[in-house]
Amino acid sequence: MNINKNINKLLYALSIKGQIYKINSFQFYSEKNCKYCTKYQILKREQVEIYNEETDEFELQDRYKQKEECYSKVDVMKYLIEEHRKGSEADGI
């Protein structure tokens, strides 16, 4: 089973619904396990009010906020499936 393929399909399905996600991965050495591990960050694009000092007004800008932190691709896929289900229930599908 190709997990990357499923993750990409879920990201595409969520982007069609207007929910834009980004997945960052970091590698680090774990002293506890004596091996390299990969950490995945799931970030979601959201609109945030930012104060503009030049115009003295608040503006809406897109920012990525961290939603989840996982240590396996299966957990990333499970999180995206849950987000897709939440969106489908809200749409009434």
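Sequential numbering from 2 applies to the sequence shown in this note's numbering.
Quick reminder that beta carbons are idealized off the backbone N, C-alpha and C, glycines included.
{"query": "Contact set for F27: own chain, Cβ-Cβ below 6 Å, skip 5 residues either direction", "result": "K40"}
{"query": "Inter-residue spacing [alpha-carbon to alpha-carbon] between V75 and T56", "result": "46 Å"}
{"query": "For I21, the three-state DSSP class (helix, strand or coil)", "result": "coil"}
{"query": "Neighbourhood of Y52 by C-beta, 7 Å cutoff - its chain only, sequence neighbours within 5 removed", "result": "F59"}
{"query": "Bridge-paired residues (DSSP) for I51", "result": "E60"}
{"query": "Through-space distance from N5 to Y64, alpha-carbon basis", "result": "Checking the sequence, you will find Arg at residue 64 rather than Tyr. C-alpha separation (whole angstroms): 25 Å."}
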